[in-house]
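Worksheet for the structure shown next.
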Amino acid sequence: MPPLPPPPPRTLALSPYVTATGRALAAAARRRGLGCETLREWRAPDGPHGIGSLYAGPRFADAVAGGLGLGLLEAPADWLATLPYELTGRGIEFTTVARARALRRPAFVKPPNDKSFPARVYPDGSGLPGPDAMDDDTPVLVGDVVAFTTEYRLFVRDGAVLTGSRYAVRGALDVVPLEEDGRRDEVLDFAARVLAPGVPPLPSAVVLDVGAVDGRWAVVEANAAWASGHYACDADAALDVVLRAARPVPEVGPRDARFLRPVRHAVR
368 MPPLPPPPPR
378 TLALSPYVTA
388 TGRALAAAAR
398 RRGLGCETLR
408 EWRAPDGPHG
418 IGSLYAGPRF
428 ADAVAGGLGL
438 GLLEAPADWL
448 ATLPYELTGR
458 GIEFTTVARA
468 RALRRPAFVK
478 PPNDKSFPAR
488 VYPDGSGLPG
498 PDAMDDDTPV
508 LVGDVVAFTT
518 EYRLFVRDGA
528 VLTGSRYAVR
538 GALDVVPLEE
548 DGRRDEVLDF
558 AARVLAPGVP
568 PLPSAVVLDV
578 GAVDGRWAVV
588 EANAAWASGH
598 YACDADAALD
608 VVLRAARPVP
618 EVGPRDARFL
628 RPVRHAVR
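The sequence shown lines up with residues 368 to 635 when you count with our numbering.
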């Protein structure tokens, strides 16, 4: 009996809104013999498909991931608020949008794992979405207002930084590969502290943003690799993280199961 043909290469799916990062990841996927497909509709394709990973924004991912059978890894919604002060450099509270609306001071408010409203400094809680636009129990992160002097993006797999990029200086876009930044070793040393045993854990594949504030290093936030821009990160290394962060549900191991994004049914 002749040997069975090898299985077809897995395909990386992209949303209809292809970004510079999407194009870079698609090129990296093709270089290693993977397929790449841009999905044109806000639903999974009918019938069998070879899609084994996804790069897309949260709303599109919510619309298609369940039908594709993909598990999407993300940090726990309250992860940033569970970190010790020495890693955040500011007070951060995990609360509800109803409570945040009662704020009478400036604060940085953001949705933990999506873009349901703009993440920014609000003069007070009156500028947050009202109950007609957002359920009162919607979770939010509320942080003290700080000014990061430099910010860096790190693609992490299995607790190791595979690639990184500076992306901002004093709030303005300033993109440089981490290898070319004079503070590379400081960034990696701080990241090792954040990723060390005993610190509230992250998924095995995730994007970690860190920065300098008030003369010390601090965590900016953690992001889902399958939805994060790569800036000047190496696209091949970033793809390694994306392929782990968005993969068929049966391949998600016990350690990562707790980090699976709940299956949502989003509409366009």
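We treat Cβ as the ideally placed atom computed from N, Cα and C, and that holds for glycine.
Could you tell me the alpha carbon to alpha carbon distance between residue i and residue j, rounded to whole angstroms?
{"i": "Pro615", "j": "Gly438", "result": "6 Å"}
{"i": "Asn480", "j": "Ala444", "result": "6 Å"}
{"i": "Leu545", "j": "Ala535", "result": "12 Å"}
{"i": "Gly596", "j": "Ile418", "result": "21 Å"}
{"i": "Arg537", "j": "Val464", "result": "28 Å"}
{"i": "Ala428", "j": "Gly582", "result": "38 Å"}
{"i": "Leu406", "j": "Val566", "result": "38 Å"}
{"i": "Pro372", "j": "Ala591", "result": "Interpretation of Pro372 is limited by its pLDDT of 47, a score under 50 that renders its predicted location unreliable; the figure taken from the coordinates is listed afterwards. Going from the Cα of Pro372 to the Cα of Ala591 covers about 35 Å."}
{"i": "Asp502", "j": "Val630", "result": "18 Å"}
{"i": "Val543", "j": "Asp413", "result": "41 Å"}
{"i": "Tyr519", "j": "Asp552", "result": "12 Å"}
{"i": "Thr386", "j": "Asp623", "result": "27 Å"}
{"i": "Ala612", "j": "Gly400", "result": "19 Å"}
{"i": "Arg635", "j": "Arg466", "result": "For Arg635, the predicted structure reports a pLDDT of 43, less than 50, and the residue's modelled location is therefore unreliable. A value from the coordinates is still provided. Roughly 28 Å separates the two Cα atoms."}
{"i": "Ser420", "j": "Glu408", "result": "17 Å"}
{"i": "Arg410", "j": "Glu453", "result": "43 Å"}
{"i": "Pro485", "j": "Asp548", "result": "29 Å"}
{"i": "Gly436", "j": "Pro617", "result": "9 Å"}
So residue i and residue j are supposed to be a Cβ contact under 8 Å. How far apart are they, rounded?
{"i": "Leu606", "j": "Ala396", "result": "6 Å"}
{"i": "Thr378", "j": "Glu404", "result": "5 Å"}
{"i": "Gly526", "j": "Val554", "result": "No, Gly526 and Val554 are not in contact; Cβ-Cβ is about 15 Å, not under 8 Å."}
{"i": "Val608", "j": "Ala572", "result": "5 Å"}
{"i": "Leu468", "j": "Leu495", "result": "According to the sequence shown, residue 468 is Arg rather than Leu. Indeed they touch by this definition, with Cβ atoms about 5 Å apart."}
{"i": "Arg533", "j": "Asp541", "result": "6 Å"}
{"i": "Ala391", "j": "Ala602", "result": "4 Å"}
{"i": "Pro425", "j": "Lys482", "result": "6 Å"}
Using beta-carbon positions only, say whether residue i and residue j come within less than 8 Å of one another.
{"i": "Leu521", "j": "Trp446", "result": "no"}
{"i": "Val574", "j": "Ala589", "result": "yes"}
{"i": "Ala430", "j": "Trp593", "result": "no"}
{"i": "Glu441", "j": "Arg625", "result": "no"}
{"i": "Gly492", "j": "Leu508", "result": "no"}
{"i": "Gly456", "j": "Ala585", "result": "yes"}
{"i": "Gly510", "j": "Phe475", "result": "yes"}
{"i": "Pro473", "j": "Pro490", "result": "yes"}
{"i": "Val561", "j": "Phe515", "result": "no"}
{"i": "Arg578", "j": "Thr505", "result": "According to the sequence shown, residue 578 is Gly rather than Arg. Cβ distance not < 8 Å, so Gly578 and Thr505 don't count as in contact."}
Strictly by DSSP, which residues pair up with residue i?
{"i": "Phe475", "result": "Val488, Gly510"}
{"i": "Glu460", "result": "Val509"}
{"i": "Leu439", "result": "Ala613"}
{"i": "Thr449", "result": "DSSP, once it has assigned bridges, lists no residue as partnering Thr449."}
Indicate whether at least one CB of chain C lies closer than 8 Å to the CB of residue i.
{"i": "Asp503", "result": "The structure shown contains no chain C, having only a single protein chain."}
Next item on the list: Only counting runs of 3 or more residues, tell me where the beta strand (DSSP E) segments fall wholly within the region 562-608, in order along the chain.
Entry: The qualifying runs are 572-580, 583-590.
Item checked: Continuous beta strand (DSSP E) assignments of at least 3 residues falling wholly in the region 486-561 -> Taking 3 residues as the minimum length, the beta strand (DSSP E) runs contained wholly in the region 486-561 are 487-489, 506-510, 517-524, 527-536, 539-544, in order along the chain.
Notebook entry, point to check: Mind pulling the alpha helix (DSSP H) runs of 4 or more residues that sit fully within the region 390-437?
Noted result: Counting whole runs of 4 or more residues, the region 390-437 contains the alpha helix (DSSP H) stretches 425-435.
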